[in-house]
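Each residue of the sequence shown is one higher than the one before, starting from 542 at the first, in our numbering. Don't be surprised by glycine CBs; every beta carbon is placed ideally from N, CA and C. Predicted model only: the values in this text are computed from it and were never measured.
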Amino acid sequence: MQIKKDLTMKKIKQLTMSGFVSNSDRDSLMRASYYQITRNFTKTVNRFIVFKDNDRLIEIPHGIAQRSKFIDLMIEYFEKLEEYEKCTKLMKLKELVIMAGD
542 MQIKKDLTMK KIKQLTMSGF VSNSDRDSLM RASYYQITRN FTKTVNRFIV FKDNDRLIEI
602 PHGIAQRSKF IDLMIEYFEK LEEYEKCTKL MKLKELVIMA GD
């Protein structure tokens, strides 16, 4: 029963997300975030900026255990696209983020 409930919640989440962001927009956002956080691991561990557009920044603060969750979300996305090189790089970054206190 719990597995069925989890699958239903996952489907609802996917449908909800797809209603707000088109697939091409989501792909663009995920790729932009990927390049932003993997450009320089040291800077990312210190200041986890997931999106940057001119003078606007989206940053995940240190110490709230959301950085590794965001990386997991990205890994899941790129696994579905079979872009395993990106997943490997993200897994290395996740290790560093966790060591630094997430």
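Reference residue i; option with closest CA among the options
i: K633; options: L622, M615, K593; result: M615
i: K610; options: S563, D568, D643, A573; result: D643
i: F592; options: N581, Q577, G604; result: Q577
i: D594; options: A573, N564, R567, V638; result: A573
Burial state of residue i (16 or more Cβ within 10 Å)
i: R608; result: buried
i: I601; result: buried
i: T585; result: buried
i: F589; result: buried
i: K621; result: exposed
i: I599; result: exposed
i: R605; result: Correcting the residue identity first, residue 605 is Ile in this sequence and not Arg. With fewer than 16 Cβ atoms within 10 Å of its Cβ, I605 is classed as exposed.
Simplified DSSP assignment, three categories, for residue i
i: L622; result: coil
i: Q577; result: helix
i: D643; result: coil
i: S565; result: helix
Identity of the residues DSSP links to residue i by a beta bridge
i: D594; result: R597
i: F589; result: I601
Cβ-based neighbour list, residue i, same chain, cut-off 8 Å, excluding 5 preceding and 5 following
i: E623; result: none
i: Y575; result: M615, F619, K627, L631
Nonlocal neighbours in the same chain, by C-beta distance under 7 Å from residue i, ignoring five residues either side
i: A641; result: V586
i: M571; result: M615, Y618
i: L637; result: F582, V586
i: I612; result: L631, L634, K635, V638
Residues near residue i in its chain [Cβ-Cβ closer than 6 Å; skip 5 each side]
i: T579; result: K630
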